[in-house]
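Q: Have a look at this one.
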Amino acid sequence: MASALVRRARGSAAAAPALWAAARGVASVGSDIVSSAPCVSLQKARSWDEGVATKFSTTPLKDIFHGKKVVIFGLPGAYTGVCSQAHVPSYKNNIDKLKEKGIDSVICVSINDPYVLNGWAEKLQAKDAIEFYGDFDGSFHKNLDLEIDLSAALLGHRSHRWSAFVDNGKIKVLNVEKAPSEFKVSGAEVILDQI
Amino acid sequence: MAPVGVGDTLPDGQLGWFDADDKLQQVSVHGLAASKKVVLFGVPGAFTPTCSNQHVPGFINQAEQLKAKGVDEILLVSVNDAFVMKAWAKTYPENNHVKFLADGLGTYIKALGLELDLSEKGLGIRSRRFALLADNLKVTVANIEEGGQFTISGAEEILKAL
Numbered sequence: 037m038a039s040a041l042v043r044r045a046r047g048s049a050a051a052a053p054a055l056w057a058a059a060r061g062v063a064s065v066g067s068d069i070v071s072s073a074p075c076v077s078l079q080k081a082r083s084w085d086e087g088v089a090t091k092f093s094t095t096p097l098k099d100i101f102h103g104k105k106v107v108i109f110g111l112p113g114a115y116t117g118v119c120s121q122a123h124v125p126s127y128k129n130n131i132d133k134l135k136e137k138g139i140d141s142v143i144c145v146s147i148n149d150p151y152v153l154n155g156w157a158e159k160l161q162a163k164d165a166i167e168f169y170g171d172f173d174g175s176f177h178k179n180l181d182l183e184i185d186l187s188a189a190l191l192g193h194r195s196h197r198w199s200a201f202v203d204n205g206k207i208k209v210l211n212v213e214k215a216p217s218e219f220k221v222s223g224a225e226v227i228l229d230q231i
Numbered sequence: 562m563a564p565v566g567v568g569d570t571l572p573d574g575q576l577g578w579f580d581a582d583d584k585l586q587q588v589s590v591h592g593l594a595a596s597k598k599v600v601l602f603g604v605p606g607a608f609t610p611t612c613s614n615q616h617v618p619g620f621i622n623q624a625e626q627l628k629a630k631g632v633d634e635i636l637l638v639s640v641n642d643a644f645v646m647k648a649w650a651k652t653y654p655e656n657n658h659v660k661f662l663a664d665g666l667g668t669y670i671k672a673l674g675l676e677l678d679l680s681e682k683g684l685g686i687r688s689r690r691f692a693l694l695a696d697n698l699k700v701t702v703a704n705i706e707e708g709g710q711f712t713i714s715g716a717e718e719i720l721k722a723l
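Below is the structure:
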């Protein structure tokens with residue numbers, strides 16, 4: 037019942053009670069993204085050799101979000117249709133406009149390993165504009181309640197399609213598509229108007 | 562589950578695959594391997610170096626020789642989703658015979674007893690590096706590597722055994 041309330045609230049971009057949501061670790065406007073997912077790190081997209089050279093280091097969320105204005109978007113999977121053809125290009129093509137609005141970094145995150153993500157980011161020629169991070173075991177998305185079971189599409193547990201504007205760790209804007217195949221609210225054009 | 566070995570029956574399972582018409586299919590291992598001589602080889606991860614630069618090319622380049630020795634199917638399996646396997650397969654335009662099959666949730670690799678925990682490398686539970694030869698579902702050769710090395714699981718070893 038409670039989670040259904042959150043889902044309805046999320047769909048209309050109105051906040052569920054922020055305190056309760058933050059306590060549950062659910063992503064919502066007003067919650068702190070770092071404390072919603074304590075002890076979670078992401079893996080920067082990289083080649084295997086880079087992984088070896090950095091001893092497979094991971095990036096704690098506070099390094100990504102503290103003291104920065106970040107636009108972050110999540111998607112179900114590297115090399116899949118909407119993700120490749122619409123979602124990533126939307127941010128790649130609007131990177132200058134986002135920077136003009138004071139955004140420090142644009143992050144793409146998905147439940148993929150960092151090597152697959154690196155191969156994909158290079159194929160899309162998007163690594164200059166966007167930082168790609170892997171949430172290989174889904175813990176980031178699970179903590180933020182942005183996970184969805186796409187086993188029917190043979191993908192397993194993946195991320196919803198979503199976008200957020202996070203200012204010094206505080207979620208100011210959160211857009212989550214009603215279905216991962218849709219691309220209505222999570223693109224760059226939408227969030228540019230919301231920043 | 563103990564790792565699959567010589568004399569065992571190849572377990573059945575469902576693997577994901579984008580077919581020649583680019584349609585996402587679930588294929589059964591038994592459907593592909595029954596009454597046939599098949600090579601089944603597994604790798605820890607698409608887009609990682611040993612897999613991409615050595616293990617897979619070996620089977621692609623030796624595919625004609627394998628077919629000449631009676632192999633009907635050369636099946637590659639990895640714990641990756643079918644979209645990733647399709648993209649990875651596209652990086653080998655010269656490939657005519659190797660089928661890139663997706664064990665997206667790792668269930669088939671678990672059925673083979675060949676899981677490898679690579680979580681500290683950011684990969685999660687993956688497949689060990691291996692190559693099997695199965696004749697009408699009976700495993701006749703089982704070359705399974707320890708760790709990520711590449712010593713016995715290549716195409717040459719399978720060719721020698723044929």
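Residue numbers (the working numbering), protein chains in the order written: chain A, 37 to 231; chain B, 562 to 723. Note that CB positions come from ideal geometry on N, CA and C, so glycine has one too. Values in this document were obtained by computation on a predicted structure and should not be read as measured data.
1. Just to confirm, are residue 230 of chain A and residue 683 of chain B a CB contact at a threshold of 9 Å?
2. Judging by CA-CA distance, which residue of A:204, A:136 and A:152 is the nearest neighbour of residue 105 of chain A?
3. Could you name the residues of the stretch 150-171 of chain A whose beta carbon sits closer than 8 Å to any beta carbon of chain B, in the order they occur along the chain?
4. Name the chain B residues whose beta carbon is nearer than 9 Å to that of residue 205 of chain A?
5. Please give me, in chain order, every unbroken run of the alpha helix (DSSP H) with length at least 4 that falls completely inside the stretch 565-600 of chain B.
6. Residues of chain B with CB closer than 8 Å to the CB of residue 187 of chain A, please, in chain order.
7. Quick check for students: name the residue ranges of the beta strand (DSSP E) that lie wholly in the stretch 643-680 of chain B, counting only runs of 3 or more.
8. Quick one: which residues of the stretch 606-625 of chain B get their C-beta closer than 7 Å to a C-beta of chain A? List them in chain order.
9. Between the stretch 152-161 of chain A and the stretch 176-184 of chain A, do three or more beta carbon pairs fall short of 8 Å?
10. Is there a Cβ of chain A sitting closer than 9 Å to that of residue 712 of chain B, yes or no?
11. At a cut of 8 Å, does the stretch 89-109 of chain A reach the stretch 189-206 of chain A through at least three beta carbon pairs?
12. Taking the C-alpha atoms as reference points, what is the distance between residue 222 of chain A and residue 166 of chain A?
13. Along chain A, in chain order, which residues have C-beta atoms closer than 7 Å to that of residue 645 of chain B?
14. Going along chain B, which residues have a C-beta under 8 Å from residue 173 of chain A?
15. Using a C-beta to C-beta distance shorter than 8 Å, which residues of chain A count as neighbours of residue 641 of chain B?
16. Could you name the residues that DSSP lists as bridge partners for residue 24 of chain A?
17. Short check: CB of residue 605 of chain B to CB of residue 674 of chain B, under 9 Å?
18. Spatial neighbours of residue 122 of chain A within its chain, please: CB distance less than 8 Å, with the 5 preceding and 5 following residues excluded, ordered by chain position.
19. In its own chain, which residues sit with a C-beta less than 8 Å from the C-beta of residue 595 of chain B, not counting the 5 before and 5 after it?
20. Cβ closer than 8 Å: which chain A residues qualify as neighbours of residue 577 of chain B?
21. For residue 203 of chain A, which beta-bridge partners are listed by DSSP?
22. CA-CA distance, residue 626 of chain B and residue 644 of chain B?
23. Which residues, in chain order, does the stretch 86-113 of chain A contribute to contact with chain B at a C-beta distance below 7 Å?
24. DSSP on residue 116 of chain A, reduced to helix/strand/coil?
25. Looking at the strands, I want to know which residues DSSP matches up with residue 193 of chain A.
A: Put simply:
1. no
2. A:204
3. 150, 151, 152, 154, 155, 156, 159 and 170
4. What residue 205 of chain A touches in chain B: nothing, since even the nearest Cβ is about 23 Å away.
5. 590-594
6. 666
7. 659-663 and 676-678
8. 606, 607, 608, 609 and 610
9. no
10. no
11. yes
12. 15 Å
13. 114, 115 and 152
14. 680 and 685
15. 152
16. Residue 24 of chain A cannot be examined here, being either before or after the span of chain A that is shown, 37 to 231.
17. no
18. 219 and 223
19. 697 and 698
20. 190
21. A:105 and A:206
22. 29 Å
23. 87, 92 and 113
24. coil
25. A:185
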